[in-house]
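> In the working numbering, the protein residues as written are 106 to 692.
What follows is a single structure, and I will ask about it in a moment.
If you want it as structure tokens, here you go:
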């Protein structure tokens, strides 16, 4: 039984004005704090918590309003025991608010599967839909009718309520026949499409067409235009009128081209609109049009590179130069080569992980926006979606992509500067002959005898200011070295195809080979991976293999970093270079 104190609190709440949906939780929380009896506190806490929860479609359940990174959360369904359900059943008749009755009855119905409460939830959500109906401010009313639809769709009460919900939806769509620029009629049509007659499908197709014609004005209405076309295509498929889909898509494509023309002063927006148009044209029927659009996109990408303004950064190089002066002062040629191999950073996986998480904490926009990776021509070559707000490491592959992007950003700033200054010290020593590299290559345990001369040639070119040419030799040879290292560790370096033929494993699989990772420093393998085999990084190996490594990237800071890491890598497997390295470490 509810006490008089609790009933009084319910009556006072019910007589309140304003948006009770946002005040309910705080009201009942405060009432609980003021209650003297333990049972009253518990009952009011249950009400406060229950009204704070939100419905999650994916789990088809109510979930906490907030979950913190450390595991703390607001009220959840697991906090609602049998006595809490009894409290909700007792308090439900005391509410008149459609939102409160809909929420409480729905939660009881979800928890107990009792049909009368599901019935009440449908009725109250429909009442809330009608009370809050507004084509311009449509989110609240849409959520209400959608939840009513979902509950009614379930088989136990479908016969009683389903047709009522469809009638309410249809009535609302008819009311908005002359509305301009609203998502609500489209959202309602989308809900109803699979469950309506052919006659209604034709009627709603006409409604969608009217919305399309009214909205095809400028870029501001693009989301509504796109959405209306998607619903029309779905209806045309249902009506078996697929032949009308392509002409409709061509209309949308022309709309995107029009917006792109009007956005010529904003290259990025124009590119996005042309890409939308490009995808809508058929690769076979509209081939010439697609080629024309591709050419326009490339022109805008080049133009966009020239209009992008750089952020001026003042960087004091004096400390870096002073430190490098001390490192390279008085070194022999061999020592200088090995010392250059120590300049590139080996990125610690744990540190990079912390860096990614810390950047997200400092900059909230990183939690909302995708990261776009562009090449030298202005083409977007990779889009990295944002991490999950509550569980950033939920998707390991996506988190790895963010780690690669983090390392690339770090490398493009300070590390590249240090490498270029260090590289200039080697240039001052004069030309490096292949014989100068005997100490590093001749007795190296991981280089096959038949590859030693070509690797010497590649390294001498790289150290003699012919970095771009050197990349074409050293990148494939490095892959072969990693393959040999994996084989030495006992990992298979080939795989059998279904037809019985045998293929070499790609670099991505070699770098993640089980025995290699157990036997070798995973931080070194990760650092190499970020340079050679990731689209979110320089991707040197793959671009070289496909013949698209440009002279600019092939002699960039990333290329110098690869050269440095390769020398360091090889230094570990040669007795002579190991002695040089030991001597340098003692300085």
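All C-beta atoms in this analysis are idealised placements derived from N, C-alpha and C, irrespective of residue type, glycine included.
1. Quick check on residue 166: does DSSP put it in helix, strand or coil?
2. Is the Cβ-Cβ distance between residue 671 and residue 621 less than 8 Å?
3. Taking 8 Å as the cut-off, decide whether the C-beta atoms of residue 636 and residue 576 are in contact.
4. What number of angstroms, rounded off, separates the C-alpha of residue 442 from the C-alpha of residue 448?
5. Return the bridge partner residues of residue 600 from the DSSP annotation.
6. Could you give the distance in angstroms between the alpha-carbon of residue 308 and the alpha-carbon of residue 340?
7. Quick one, are the C-beta atoms of residue 213 and residue 194 less than 8 Å apart?
8. According to the neighbour-count rule (16 or more other Cβ atoms, all chains shown, within 10 Å of its Cβ), is residue 649 buried or exposed?
9. Mapping DSSP to helix, strand and coil, what is residue 370?
10. Would you mind giving the Cβ-Cβ distance between residue 167 and residue 130, rounded to the nearest angstrom? I have them listed as a contact below 8 Å.
11. Kindly indicate which residue of 463, 187, 142 and 203 has the alpha-carbon position closest to the one of residue 156.
12. Would residue 382 pass as a contact of residue 358 if the rule is Cβ separation under 8 Å?
13. Please report the straight-line C-alpha distance between residue 582 and residue 556, rounded to a whole angstrom.
14. List the DSSP bridge partners of residue 161.
15. Please report the straight-line C-alpha distance between residue 206 and residue 119, rounded to a whole angstrom.
16. Report all residues from its chain with a CB closer than 7 Å to the CB of residue 436; omit the five preceding and five following residues, and keep chain order.
17. Between 481, 539 and 290, which has its C-alpha nearest residue 562's C-alpha?
18. Note down, in chain order, each residue of its chain lying with its Cβ closer than 7 Å to the Cβ of residue 629, except the 5 sequence neighbours on either side.
19. Are the beta-carbon atoms of residue 146 and residue 137 separated by less than 8 Å?
20. Please state whether the Cβ-Cβ distance between residue 288 and residue 270 is less than 8 Å.
21. In whole angstroms, what is the alpha-carbon distance linking residue 522 and residue 515?
22. Shortest alpha-carbon distance to residue 171 belongs to which of 455, 470 and 495?
23. Could you spell out the range, first to last residue, of the beta strand (DSSP E) harbouring residue 476?
24. What does residue 489 pair with, by DSSP beta-bridge criteria?
25. Could you please give the first and the last residue of the uninterrupted alpha helix (DSSP H) stretch that includes residue 495?
26. Using 8 Å as the Cβ pair cut-off and three pairs as the minimum, do the stretch 290-298 and the stretch 311-326 touch?
27. Which stretch, first to last residue, makes up the alpha helix (DSSP H) that contains residue 48?
28. Nearest to residue 290 by alpha carbon, out of 524, 158 and 246?
29. Kindly confirm or deny that the stretch 315-333 and the stretch 344-364 touch, where touching means at least three C-beta pairs closer than 8 Å.
30. What is the DSSP secondary structure of residue 575, counted as helix, strand or coil?
31. Per DSSP, what kind of secondary structure is residue 213 in: helix, strand or coil?
32. In terms of alpha-carbon separation, which member of 560, 434 and 499 lies closest to residue 531?
33. In chain order, what residues of the same chain have a beta carbon less than 7 Å from the beta carbon of residue 480, not counting five sequence neighbours either side?
34. Relative to the C-alpha of residue 133, which residue among 464, 150, 285 and 144 is closest?
35. Measuring alpha carbon to alpha carbon, tell me which residue in 489, 525 and 351 is nearest residue 384.
36. Work out the CA separation of residue 220 and residue 229 for me, nearest whole Å.
If we stick to the structure as given:
1. Strand.
2. For residue 671 and residue 621, no; Cβs fall outside 8 Å.
3. No, the pair does not count as a contact, with Cβ atoms beyond the cut-off.
4. If I take the Cα positions, the gap works out to 11 Å.
5. Within the DSSP bridge table, the entry for residue 600 names 608 as partners.
6. In this model, residue 308 and residue 340 are separated by some 10 Å (Cα to Cα).
7. The Cβ-Cβ distance between residue 213 and residue 194 falls below 8 Å.
8. Counting Cβ neighbours within 10 Å, residue 649 comes out buried, since at least 16 surround it.
9. The answer is coil: DSSP assigns residue 370 none of H, G, I, E or B.
10. Distance from residue 167 to residue 130 at the Cβ level is roughly 14 Å; contact not present, criterion being Cβ atoms closer than 8 Å.
11. Of the residues 463, 187, 142 and 203, the one whose Cα lies closest to the Cα of residue 156 is 203.
12. The Cβ atoms of residue 382 and residue 358 sit closer than 8 Å to each other.
13. The straight-line gap from Cα to Cα measures roughly 8 Å.
14. Answer is 166, bridged to residue 161.
15. Distance between the alpha carbons of residue 206 and residue 119: 11 Å.
16. If we look at residue 436 and ignore the five residues flanking it on each side, its Cβ neighbours are 444.
17. Closest in alpha carbon position to residue 562, among 481, 539 and 290, is 539.
18. Taken in chain order, the residues that qualify are 451.
19. Yes, Cβ-Cβ distance for residue 146 and residue 137 is below 8 Å.
20. No, the pair does not count as a contact, with Cβ atoms beyond the cut-off.
21. Taking the straight line from one Cα to the other gives about 11 Å.
22. Of the residues 455, 470 and 495, the one whose Cα lies closest to the Cα of residue 171 is 495.
23. The continuous beta strand (DSSP E) containing residue 476 extends over residues 476-479.
24. Partner(s): 476.
25. No alpha helix (DSSP H) contains residue 495, which DSSP labels as neither H nor E.
26. Taking a cut-off of 8 Å on C-beta distances, the stretch 290-298 touches the stretch 311-326, as three or more cross pairs fall below it.
27. Because the chain here runs from 106 to 692, residue 48 falls outside it and cannot be looked at.
28. Ranked by how close their Cα comes to the Cα of residue 290, the residues 524, 158 and 246 have 246 in first place.
29. The stretch 315-333, when compared against the stretch 344-364, does touch it at the 8 Å Cβ threshold.
30. If DSSP states are grouped into helix, strand and coil, residue 575 belongs with the helices.
31. It is helical.
32. Nearest in C-alpha terms to residue 531, of all of 560, 434 and 499, is 434.
33. Within its own chain, the residues whose Cβ lies closer than 7 Å to the Cβ of residue 480, once the five positions on either side in sequence are excluded, are 486, listed in chain order.
34. Residue nearest to residue 133 within the set 464, 150, 285 and 144 is 150 (criterion: CA-CA distance).
35. Of 489, 525 and 351, the smallest CA-CA separation from residue 384 is found for 351.
36. So the alpha carbons of these two residues sit roughly 14 Å apart.
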